[in-house]
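For the sequence shown, my numbering gives the first residue as 11, with consecutive numbering after it. Below is one structure, written out as structure tokens; the observations come after it.
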Amino acid sequence: MNRPPIIVILGHVDHGKTTLLDYLRHTSVAAREAGGITQSIRPFQLLTKDYGPMTFIDTPGHAAFDRMRKRGSQIADLAVLVVAADDGVQPQTRQSIEFIKASHLPFIVALNKSDLSAADPDRVKTQLTEENVIVEDFGGEVPCLPVSAKTGKNLPELLEMINLVASLNPPQVDSGGQLDLMVLESRLDSRKGPLATVVVKNGTLRVGQELFQDSSLGRVKALTDSDGLQIKLAGPSAPAEILGLNRIIDVGSAVSDRPVNQIVKSGSQLLAATSDSLPNLIVKADVAGSLEAVLGGIRDKVNVISSGTGDIIENDILLAHTSGAGILGFNLKISGSIAKLAQTEKVRVKTFSIIYELYEYVDELLLPKTMETVVGQAQVLAEFKNNAERVAGCKCTAGQLDKSARVKITRGEKLIGESRIKSLRLGKSPVDHIKLGSEFGLVLSPSVDFKVGDAIIATIG
């Protein structure tokens, strides 16, 4: 059966993404945001008059929040790329286009602020052409609408276009099947304990259900919708916040009503072999002289993306998280709150009081290491023959699978074999990519003696 479409809203900071959704939803979220910019990822379901429910995911436009934008694009069925008609294509516009293409999402361009006197739609369309995005009235296939989040201009037409694009390849669901959730955000509330904001990809989420990743996450004590109202269940494509978890869950990870092996975490690729590889470093020292000495000994060996004197602060942790960097501190102590933030954001922080020990640590980082990047996982649900080939009927449980990836087949903790993907089929159609939640057929070359229940782990590198 079909499920409501999930639409991610992407674009540069201050191009009006949240304001556009506010107009559709009759809310004023944008006016309450610190600094006037979105700094978190927010899903909500809109019940449209003519097209039924649609789930929207609002994402930040600021450069510091690229992983949030990536998570939004990974879970969505289609995207709306919001570009201000007076400002044009900007850095996070380009990054959003990259995420859209990497996720193979159909998308619509909404030229916002088209009511302004400085609006120049043709200039923006030309800029988009330079990014390989060819809109329909320039001879391409990408729908493009001039809209105004302030006046509501063409927003009914935007909903109509979203419905049309979604209907060309309607998202499917087995409402009575296995529960599949994707975690968009998680946090620790001082009164309620661990909370997670999820979107239902398959099945129905209910109060009282026990949830799992590799082990039990506890039972759902309460569910709230995007307006903070308590609900008893959340159906396919619906967002909900879960109360009753026994721990904080990694954002970007999958949750089910039965145990699953978690491979892809934090909405990004996971280094399977070593977490100590630090291609980028942030360096802090107590005084300028110490900083000069530290940088003098390591600058030619690593990529120092930021340096300075004084304590390691929250902004250092957030920059490290965004850029995938580690932090080196010299003659510094780390406060408890910063250490906790680093642990939450999975940022490696090392401090030294002896400079040659710091140098030795950097040298160790440069030693050759074998790394591979896990990009997706599937579970074998069935086995059948197609001519002389063994076909594994699978379901993608994390990330995505590409035909170019290498795969490992595991049974519990045991490695059964390694191979390459010969073919992927979605229904009867051969495809090059499989998205999270999809059921598909897989042929390996060389063949591996897989069984139902085995895990297929896709890697690159």
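From the three backbone atoms N, C-alpha and C, an ideal C-beta is built for every residue, glycine too. Small disclaimer: the values here were computed from a predicted structure and weren't measured.
- In terms of Cα proximity to Asp87, the closest of Pro15, Pro246, Asn173 and Ile467 is Pro15.
- Secondary structure at Leu126: coil, using DSSP grouped into helix, strand and coil.
- Straight-line measurement puts the Cα of Val441 at about 20 Å from the Cα of Glu108.
- Boundaries of the beta strand (DSSP E) harbouring Pro440: Ser439 to Val441, taken from the DSSP string.
- Contact between the segment 175-185 and the segment 110-118 is present, with at least three C-beta pairs closer than 8 Å.
- One Cα belongs to Pro131, the other to Ile172, and the distance between them is close to 20 Å.
- For the options Ser414, Ser124 and Cys406, the alpha carbon positioned closest to that of Ile466 is the one of Cys406.
- When the beta-carbon positions are compared, Leu255 and Gly218 stay at least 8 Å from each other.
- It is roughly 11 Å from the alpha-carbon of Ile364 to the alpha-carbon of Ser300.
- Under DSSP, Gly336 takes part in a beta bridge, and its partners are Leu291.
- A buried status is given to Met64, since no fewer than 16 other beta-carbon atoms sit within 10 Å of its beta-carbon.
- According to DSSP, residue pairing for Asn12 in a beta bridge involves Gln182.
- Cβ contact annotation for Val462 (same chain, cutoff 8 Å, sequence separation greater than five): Val390, Leu391, Ala392 and Glu393, in chain order.
- In the three-state scheme derived from DSSP, where H, G and I count as helix and E and B as strand, Ile327 is classed as helix.
- Val143 carries a coil assignment under DSSP once its states are collapsed to helix, strand and coil.
- Between Tyr366 and Ile308, the CB-CB gap reaches or exceeds 8 Å.
- Take the alpha-carbon of Leu30 and the one of Ala159: they are about 4 Å apart.
- CA-to-CA, the gap between Gln410 and Thr420 works out to about 17 Å.
- Setting aside the 5 residues that flank it on each side, Gln137 is surrounded in the same chain by Gly98 and Val99, each with a C-beta closer than 8 Å to its C-beta; the list follows chain order.
- Take His25, set aside five residues on each side of it, and the residues of its chain with a beta-carbon closer than 8 Å to its own are Gly71, Val92, Val93, Ala94, Asp97, Gln100, Thr103, Asn122 and Lys123, in chain order.
- The C-alpha of Lys111 lies about 10 Å from the C-alpha of Ala89.
- In the three-state reduction of the DSSP assignment, Lys27 falls in the helix class, which pools H, G and I.
- Note on the segment 192-218: there is no whole alpha helix (DSSP H) run with a minimum of 4 residues.
- Of the candidates Leu338, Gly339, Tyr371 and Asp267, the residue whose Cα lies closest to the Cα of Met192 is Asp267.
- Taking all protein chains in view, the Cβ of Ser455 is surrounded by fewer than 16 other Cβ atoms within 10 Å, so the residue is classified as exposed.
- DSSP places Gln223 outside both helix and strand once states are collapsed to three, so it counts as coil.
- Under the criterion of beta carbons closer than 8 Å, Arg13 and Val175 do not qualify as touching, at roughly 15 Å.
- Of the residues assessed, Ile327 falls on the buried side of the cut-off, its CB having 16 or more other CB atoms within 10 angstroms.
- Per DSSP, reduced to three states, the secondary structure at Ser347 is helical.
- Spanning the alpha carbons of Ser226 and Ile259 requires a straight line of approximately 11 Å.
- Per DSSP, Pro269 has no beta-bridge partner at all.
- DSSP places Val372 within a helical segment (H, G or I) once states are collapsed to three.
- Minimum Cα-Cα distance from Ile85 among the listed residues Ala232, Gly187 and Ala248 corresponds to Ala248.
- Within its own chain, the residues whose Cβ lies closer than 6 Å to the Cβ of Glu449, once the five positions on either side in sequence are excluded, are Lys405, listed in chain order.
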